[in-house]
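Per the numbering used here, the sequence shown starts with residue -1, numbered consecutively. The structure under discussion appears below in the form of structure tokens.
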Amino acid sequence: MGYFHMKDNLGLFYFHQGTNYYAYKYLGSHILDGKTVFRVWAPNAMKVSVIGDFNNWDRTKNPMNKISVGVWEVEIENVKEFDNYQFAIKGSNRRWKNKSDPYAYHFECRPNVASKVYSLGKYKFTDKKWMKNRYFGVNKPMNIYELNLGSWRTYEDGNFFSYQKYALEIVDYVKKMGYTHIELMPINEFPFDKSWGYQVTGFFGITSRYGTPDDFREFVDICHNNGIGVIVDWVPGHFCKDSHGLIDFDGSFLYENPDPTRREQKGWGTRCFDYGRNEVQSFLVSSALYLLEEYHIDGLRVDAVASMLYLDYCREPNEWHPNIEGTNINLEAVAFLKKFNSAVHEYYPGVITIAEESTTYPNITVKVSDGGLGFDYKWNMGWMNDTLSYIKTDPIYKRYDHNKITFQLTYIFSEKFVLALSHDEVVHGKLSLINRMPGDYQQKFAGMRVYMMYMISHPGKKLLFMGGEIGQFIEWRDDREVDWLLLGYEPHQLLQKFNADLNHFYLKHSEFYERDDNWSGFEWINADDKDRNIFTYKRRNNLGKEIIVLLNFSFSSWNNYYVYVEDGEYEVLFHSDDVKYGGSTKVGKKTIKVINGTMIIDVPPISGIYLRKVK
């Protein structure tokens, strides 16, 4: 299992067994002793040649030799770093096609599609301390800022920043805002900006839009040296059908499933991997471990896991057939995901894996050894859908949707969750977060503040997509940057300040994260006040210290509101209606005395309050 030297023939054996997890160290292009070795897996090809800048793209100049079952090789002199190349493949259908290298580290910048000869390792990481100490377990705070590099910020002419400039800009911003991690939408090479990166053509290539692979190494290094973790989206669920890519690679269904009922993901216009093929398993797991080994990535968010797990995903009844057990589960995909998670956690114990999975498939975040899929976290899509539905409802009618807030507590500890307000929720007519808030202009800002206080205090790790923190009104568009001009207006400035202060509050108060995975860290005070649209509960840390959370989602103020807690004196720790955030409440340092178990408190409309017992 795992690593092998490039000259070790055992590598090929493990590759064909599906257990070569560093296949990129053998396949692809490698500069060695003044020569460049090219290797490609194309078992059904009749002929294969390397074409490129070094031979005038003439397929007769450098034919490859078949050195094992399906693997072709050639050594070529006088190849320079950054030279462009492809494989010319005469497939089993006797047709020639030019294919980019599936294992290439670097590619031409779009719209060109050739692979580039590139040697990793010129950039030397300086993040030894970070790598030694990184741990993102369930008892640690995790507040993720999701972003798309190309539309986070750009030059005035619309051109992209470099990886280095993005790093400097993002690190300063993320530290100021109090996020622990960034999550990058796919940075593997993809052909078209408007695909958002999820239609990958280079599973080992870091997109050249922003620089070289070593430039991206520096990006990660800068983040780490500033205490910021880096999570990237990884897309093993499908691949695009661009002719230079994996599709029909050697004239046959090589990477894709040969079964026509499993081959296509029609809704996305993509092909599905054949998870039962050993070489495809080696390819995909190697792609994941490549990001961890060569770029020091801290976490992988696996895209569209449900599309992998279910044979009938987005298919009509006549478009799929059951597995050998008679169910709709893709057994090969299940085995692959277990293999992937096992490899990640064996070789990189500090790394986390996160499943974007939207169904009730069981044991997503249970260890493989205990019968689960082995992910560390799962996006809580149920929480996201229910709460977004609740907040957009007019308070007059919220009483009828009260269970959309309380229901998730019936399953919140069944898995280890990330509460995700992602890019998918602010596009395609769904409206931006602030535009989902009911009411007038000021009420929308108040709604954002109380909703964020709810999210931060709810069990589970946190994720917010860029722009939400400043109250961007327009939906996200991949062809323009975040609407930073809004920060010229006071309400948006104050909302940004509010979110920064709230995030830092979260990091400083272990009550909100130390017991994220069990009932000992959460207790309802009142889950049933649907007529007032109010929720009250406690969050508790390992020392038993508590924070009282009071959330009012109505447009009404409730004076002399009763909250049943222990006797003593309580102080307000955080208040969403504070005047410093654009609210109307002057929050002082006076305490609230509780006698006979009843706190009496004035609750402004659309507000959240955190309190703590001090005596």
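All C-beta atoms in this analysis are idealised placements derived from N, C-alpha and C, irrespective of residue type, glycine included. Please read these numbers as outputs of a predicted model, since none were measured by experiment.
Pop quiz: residue i and residue j are said to be a contact at Cβ under 8 Å. What is the actual Cβ separation, rounded to whole angstroms?
| i | j | result |
| --- | --- | --- |
| D257 | N42 | Incorrect: roughly 17 Å between the Cβ atoms, too far for contact. |
| V115 | I180 | V115 to I180, Cβ: 30 Å. No contact. |
| H14 | E277 | 6 Å |
| L645 | Y346 | In the structure as shown, the chain begins at -1 and stops at 613. Residue 645 is therefore absent and cannot be evaluated. |
| V172 | I226 | 6 Å |
| G274 | E330 | 4 Å |
Between residue i and the rest of its own chain, which residues show a CB-CB distance below 7 Å, the 5 nearest in sequence each way excluded?
| i | result |
| --- | --- |
| E509 | R537, R538, N539, K543, E544 and I545 |
| K88 | A43, M44, K45 and W94 |
| T259 | E317, W318 and H319 |
| T615 | Limits of the chain in this structure are -1 at one end and 613 at the other, which puts residue 615 out of reach. |
| W522 | Y535 |
CA-CA distance, residue i and residue j?
| i | j | result |
| --- | --- | --- |
| L417 | M44 | 51 Å |
| N516 | T408 | 12 Å |
| Q279 | Y103 | 19 Å |
| D368 | T210 | 41 Å |
| A353 | K588 | 45 Å |
| L252 | L419 | 37 Å |
| M450 | W482 | 20 Å |
| K138 | Y375 | 13 Å |
| P603 | R513 | 30 Å |
| I322 | G267 | 27 Å |
| F190 | P109 | 8 Å |
| E413 | V349 | 18 Å |
| I245 | Y12 | 24 Å |
| D240 | E254 | 13 Å |
| L309 | T351 | 23 Å |
| Y196 | D422 | 12 Å |
| T325 | L307 | 11 Å |
| R478 | S356 | 29 Å |
| E488 | N497 | 14 Å |
If we count the other Cβ atoms within 10 Å of its Cβ and call it buried at 16 or more, is residue i buried or exposed?
| i | result |
| --- | --- |
| R215 | buried |
| I168 | buried |
| V233 | buried |
| F80 | exposed |
| Y153 | exposed |
| A112 | buried |
| H319 | exposed |
| S430 | buried |
| K264 | exposed |
| T205 | buried |
| K442 | buried |
| I394 | exposed |
| K578 | exposed |
| E314 | exposed |
| K613 | exposed |
Give me, in chain order, the residues of the same chain whose beta-carbon lies closer than 8 Å to that of residue i; leave out the 5 immediate sequence neighbours on both sides.
| i | result |
| --- | --- |
| E564 | V592, G595 and K611 |
| N53 | K59, N60 and I74 |
| H490 | I468, G469 and L484 |
| D476 | N146, G148, S149, D191, K192 and W194 |
| D56 | I49 |
| D384 | K402, I403, F405 and Q406 |
| K460 | M140, N141, I142, V416, L417, M453, I454 and Y504 |
| D125 | V218, D219, H222, N223 and H294 |
In chain order, what residues of the same chain lie with their CB nearer than 6 Å to the CB of residue i, ignoring the 5 residues before and after it?
| i | result |
| --- | --- |
| I598 | N558 |
| G68 | W39 and P41 |
| S574 | R447, V448, M451, S605 and G606 |
| S250 | N42 and S90 |
| L282 | P234 |
| L287 | Y19 |
| N96 | Q84 and A86 |
| Y1 | Its pLDDT being 47, under 50, Y1 is placed unreliably in this model, and the value from its coordinates should be taken loosely. Only Y20 meet the Cβ criterion. |
For residue i, list the residues DSSP reports as bridge partners.
| i | result |
| --- | --- |
| S47 | P61 and A86 |
| K95 | I87 |
| T178 | Looking at the DSSP assignment, T178 forms no beta bridge with any residue, so it has no partner. |
| D529 | Answer is none; D529 lacks a bridge partner. |
| L145 | L182 |
| F105 | S113 |
| T351 | L298 |
| L461 | I142 and A418 |
| L549 | F533 and G606 |
| M597 | V561 |
| Y568 | I590 and K611 |
| K376 | A353 and F415 |
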